[in-house]
Amino acid sequence: MDPARSLGAQQRQRLMDYVQTASTCDALYQRENAALRAQVHDLSELLAAFDLCEIEDAHLEAVRDRAFSRDVAPDAELLQMYRVERQLQQATLLNELDDELPQQPSAANDRERVGGAPQQVESSSSAESCDGGSLQLRVEILEREMANLHLRHDLLLGTNMTLKHPAAVEEFANHSDGTARTIKEQQQRITEIEKALATESAKNAEQEQQNCRYHDVEKVLNEFSQSR
1 MDPARSLGAQ QRQRLMDYVQ TASTCDALYQ RENAALRAQV HDLSELLAAF
51 DLCEIEDAHL EAVRDRAFSR DVAPDAELLQ MYRVERQLQQ ATLLNELDDE
101 LPQQPSAAND RERVGGAPQQ VESSSSAESC DGGSLQLRVE ILEREMANLH
151 LRHDLLLGTN MTLKHPAAVE EFANHSDGTA RTIKEQQQRI TEIEKALATE
201 SAKNAEQEQQ NCRYHDVEKV LNEFSQSR
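Residue 13 in full-length UniProt numbering sits at position 13 of the sequence shown; the count goes up by one each step and never skips.
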């Protein structure tokens, strides 16, 4: 086996192992977050029961108000965005590893390659069609994520909280700076995704043109083969 090809296969396997490990960690984090959200929900119901029983306690009231005003899943959209980004990065790395695999055509096989040109063009055309479908899928994912980012950005800008308790007001003040930073980060992320979307659209258009050229060449070669 070609050592360079073997090295590329090993790199690909290491990447797949890493992706598998990251996916397992994500699944465990999701289970942990689900358990924490359920626990917060139960505690909130317990605090509400204290309120219904008219137990007057300043500390319990402060805890109740803080629990009811807290967002238990503030980064759900951001987490989803980074998951999709990781999938895109994984696909890009896999494509780069595939491109790095050496291809060493021999001049002695030129005639054989020319004789089998229609079949080779057909297989190349099929591969390019698959690549075009992958690019189109990535464009659609980027479009959806950009729409989600715009929505989250609008929600952050348009937030108008009606706070009823002093503890909630204090907590909101503590998180104001973090919200401003989040808005700035989302704006930067929107710009990056818009650029990536434009790049992917250009690649997709170029891929379609190349597919058309392959089909034209295939048609000419088929006609030439039939004429012989």
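Note that CB positions come from ideal geometry on N, CA and C, so glycine has one too. All of these numbers come straight from a predicted model, not from anything done at the bench.
Are the beta-carbon atoms of residue i and residue j separated by less than 8 Å?
| i | j | result |
| --- | --- | --- |
| Asp51 | Arg66 | no |
| Leu88 | Leu15 | no |
| Leu97 | Arg189 | no |
I'd like the list of long-range same chain contacts for residue i, defined as Cβ closer than 8 Å, with 5 residues on each side in sequence excluded.
| i | result |
| --- | --- |
| His59 | none |
| Ala22 | Arg86 |
Whole-angstrom Cβ separation of residue i and residue j, contact assumed at under 8 Å?
| i | j | result |
| --- | --- | --- |
| Val19 | Gln90 | 6 Å |
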